[in-house]
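Chemist: Yeah, the sequence shown ends on 469 if you go by my numbering, and it's all consecutive.
One structure is given below, represented as structure tokens, and several questions about it will come after.
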Amino acid sequence: MIHKTMKRIQLSDVESHWDAIRPRIEDGFDVLWNTPELPCMEFGAVEALTAWLKAEGFSVEPGAFGIPTAFVARKRIGVGPCVGILAEYDALPGLGNCACHTRSEPPSEAGHACGHNHIGPANTGAAIAAVRSAQALGIGGEIKVIGCPAEELLWGKVALFVKGAFEDCDALLTSHGDYQNGAISRPCQAMATGEFVFVGQSSHGGYSGKVNALAGAEEALFALRDFKERYPDVPIKHIIRGDMKIAGVVPDDVRLYFSIRHLDVERAMDVYDAVVDLCRKVAERCGLDWRHLPISTCRGYLANDTLANVLFDSLSDVGPPKWSDADKDWMQQLAEQCAPAQPFELDETIRLYDEGQDYYSQDDGEVSWRIPLGRVNWAYPKQVPIHHWSWTALSGHTASRAGPHMASKAIALAAVRLLSEPRLINDAKSELMSRIEGKHICAPRLGAWTTLTQSPQSFWNGTWTEGEASQGLATLPSNR
């Protein structure tokens, strides 16, 4: 296909196509928010998004690469590069809430406290608008939507990467909610994550003759206090999981679920290995069996100024989120519930963020070291905490929509510009190569494959056993 014109793609070339599908994008926000699904259990979200893509003429592969809640959808419209757009749609456990200013009681099992009910439909809509625009303009190339489950486990895109899902993409685009509007070209944290299980024998809480899994876990956590001095640059976070209901019953097993973050993935992996080694030694000293259940390791985001500038230019054309006064009033009331002593802060500008680093980890970081990746952020009020019931509440209210609208339209415009100016993609690839020159890029560690592709519920109810185990468990049933 030959370009009809070499002029720079304008917002007007894309906007009408995006505006036409805006109602469908908003329907998607509501569908995903009303039926939140835990990582690797997002069947309803996948059905909603792939049905829409099929109706738009995309070829769709559900259950892509052996992952039941992953998908790949593509539409080629002539000779040209392939721009991939990432769709996320998983929710978080225990953070369900109504779209209101107060905490729901009791909270539901899952809720969109990270706003992925926005990302999936907004980015899918961006892909559809980009295809419609490119067809109308006579621009060749391919738009590919990669449906990515389990971002909250830092697992989905790592698994898709290992299986080759991104190999034919020339550039990748995505978006996320945060506290600023803009294009992001700064790193986030690498992370290593997994579970260590102390396995003992259930007994009466008053009887001390049995090996005690909880005592072993507590001893390990006590010993880990020294790691704060040994590794002061590495945050070591954990939660305790296990079937513990009353103090009168010593549990069979106790699980410590760890996440280790650092800008350098090798540093995170080394400290993670040290944590696992300490837990193993404590278990053996306490006469306990043990399991080590790795989940994943993932690099932090590798910035790409070329794509960030393309996105920033597109955002500048689109303009900042267009919140109504009613939207801002509703968000201010929510912010007062979360931080009553703080003034209301909501970013209403657009910037290019290329300094500093972000505190969080995202699983597209691993992919960004092989394929140029650009990210758009949209703002929520600074007083509304991410991974909190209030973020779920806002994600389900119409006041939250202006941000993902902005991001979706900007990604659509940027995707068409990349198709129309392949030199931008070549520049992004050259920048990536210069950033990784001389660096050894080890393969990511990927665990829990069978668990998360065949029995994800066992992950969520704390019964999964996929990993390495002490010799005492090697010949025993896996549910011990």
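Built from N, CA and C at the ideal position, the CB exists for glycine as well.
Which residues in the same chain as Gly166 place their Cβ atom closer than 6 Å to its Cβ, once the five residues preceding and following it in sequence are excluded?
Modeler: Gly104, Trp367 and Tyr369
Chemist: State the beta-bridge partners of Ser444 as determined by DSSP.
Modeler: None; Ser444 has no bridge partner.
Chemist: Using the Cβ count rule (16 or more neighbours within 10 Å means buried), how would you classify Asp2?
Modeler: Classification of Asp2: buried, given that the 10 Å Cβ count is 16 or more.
Chemist: Along the chain, where does the alpha helix (DSSP H) containing Arg256 start, and where does it finish?
Modeler: Val254 to Arg274
Chemist: Would you kindly check if the distance between the Cβ of Trp449 and the Cβ of Leu161 is under 8 Å?
Modeler: no
Chemist: Taking Cβ to Cβ, would you say Trp358 is nearer than 8 Å to Ile249?
Modeler: Going by beta carbons, Trp358 and Ile249 fall outside the 8 Å limit.
Chemist: Taking the alpha carbon of His107 as the reference point, which residue from Pro361, Ala80, Lys(-4) and Gly451 has its own alpha carbon closest?
Modeler: Ala80
Chemist: Starting from Trp449, follow its DSSP beta bridges and name the residues at the other end.
Modeler: The partner list for Trp449 (beta bridge, DSSP) is empty, contrary to what the question assumes.
Chemist: Pick helix, strand or coil for Leu0, following the three-state DSSP scheme.
Modeler: helix
Chemist: Please classify Thr387: does DSSP put it in a helix, a strand, or coil?
Modeler: Secondary structure at Thr387: helix, using DSSP grouped into helix, strand and coil.
Chemist: Cutting at 7 Å between CB atoms, please list the residues of its own chain near Pro138, excluding the five before and the five after it.
Modeler: Pro28, Cys29, Glu31, Ile56, Thr58, Ala59, Asp79 and Gly145
Chemist: Since Ile132 contacts Leu149 with CB under 8 Å, what's their CB separation in whole angstroms?
Modeler: Ile132 to Leu149, Cβ: 17 Å. No contact.
Chemist: Going along the chain, which residues of its own chain have a beta-carbon closer than 6 Å to the beta-carbon of Lys398, five neighbours each way excluded?
Modeler: Trp7 and Val307
Chemist: Using three-state DSSP, classify Thr182 as helix, strand or coil.
Modeler: strand
Chemist: Less than 8 Å between the C-beta atoms of Ile128 and Val405, yes or no?
Modeler: yes
Chemist: Do you know how far the Cα of Pro283 is from the Cα of Phe247?
Modeler: 10 Å
Chemist: For Glu45 and Arg256, I'd like the C-alpha separation in whole angstroms.
Modeler: 45 Å
Chemist: Compute the Euclidean distance between the alpha carbons of Thr464 and Gly276, then round it to the nearest angstrom.
Modeler: Bear in mind that a pLDDT of 44 at Thr464, under 50, signals an unreliable position, so the number given afterwards is only what the model happens to contain. Spanning the two alpha carbons is a distance of roughly 17 Å.
Chemist: Mark His193 as exposed unless 16 or more other C-beta atoms lie within 10 angstroms of its C-beta, in which case mark it buried.
Modeler: A residue is called buried once 16 or more other Cβ atoms fall within 10 Å of its Cβ, and His193, having fewer, is exposed.
Chemist: With DSSP as the reference, please indicate the residues paired to Gly231 in a beta bridge.
Modeler: The partner list for Gly231 (beta bridge, DSSP) is empty, contrary to what the question assumes.
Chemist: For Ala417, which residues from the same chain have a beta carbon less than 7 Å from its beta carbon, with the 5 sequence-adjacent residues on both sides left out?
Modeler: Contacts found: Ala160, Asn293, Thr295, Leu296 and Pro361.
Chemist: So who's on the other strand from Ile284, going by DSSP bridges?
Modeler: According to DSSP, which records beta bridges pairwise, Ile284 is partnered with nothing at all.
Chemist: Identify the continuous alpha helix (DSSP H) that holds Gly109 and give its terminal residues.
Modeler: His105 to Leu126
Chemist: With three or more beta-carbon pairs closer than 8 Å as the criterion, would you say the segment 106 to 121 touches the segment 59 to 76?
Modeler: Because the criterion of three Cβ pairs below 8 Å is met, the segment 106 to 121 and the segment 59 to 76 touch.
Chemist: Between Leu42, Lys43 and Val20, which has its C-alpha nearest Gly33's C-alpha?
Modeler: Val20
Chemist: For Asp241, which residues from the same chain have a beta carbon less than 8 Å from its beta carbon, with the 5 sequence-adjacent residues on both sides left out?
Modeler: Val188, Gly189, Gln190, Ser191, Ala202, Asp232 and Arg469
Chemist: Quick one, which of Asn86, Ile414, Glu15 and Arg230 has its alpha-carbon nearest Gly451's?
Modeler: Closest in C-alpha terms to Gly451, from the list Asn86, Ile414, Glu15 and Arg230, comes Arg230.
Chemist: Go to Lys428, then tell me how far its beta strand (DSSP E) extends in each direction, as first and last residue.
Modeler: Neither: Lys428 is in no beta strand (DSSP E) and is coded neither H nor E.
Chemist: Between which two residues does the alpha helix (DSSP H) containing Arg219 stretch?
Modeler: Phe216 to Arg219
Chemist: Where Thr39 and Asp352 are concerned, what is the direct C-alpha to C-alpha distance, given to the nearest angstrom?
Modeler: 22 Å
Chemist: Could one say the Cβ of Asp79 lies closer than 8 Å to chain C's Cβ atoms, at least one of them?
Modeler: Absent from the structure: chain C. Only one protein chain is present.
Chemist: Using the beta-carbon count (16 or more within 10 Å), is Ser423 buried or exposed?
Modeler: exposed
Chemist: Starting from Gly363, follow its DSSP beta bridges and name the residues at the other end.
Modeler: Leu162
Chemist: Among all the DSSP beta bridges, which residues are the ones paired with Arg63?
Modeler: Ser48 and Lys133
Chemist: Please determine if the segment 260 to 269 and the segment 329 to 344 are in contact, where contact requires at least 3 C-beta pairs separated by less than 8 Å.
Modeler: no
Chemist: Residue range of the alpha helix (DSSP H) that Phe247 falls in?
Modeler: From DSSP, Phe247 is part of no alpha helix (DSSP H) but of the beta strand (DSSP E) over Asp242 to His251.
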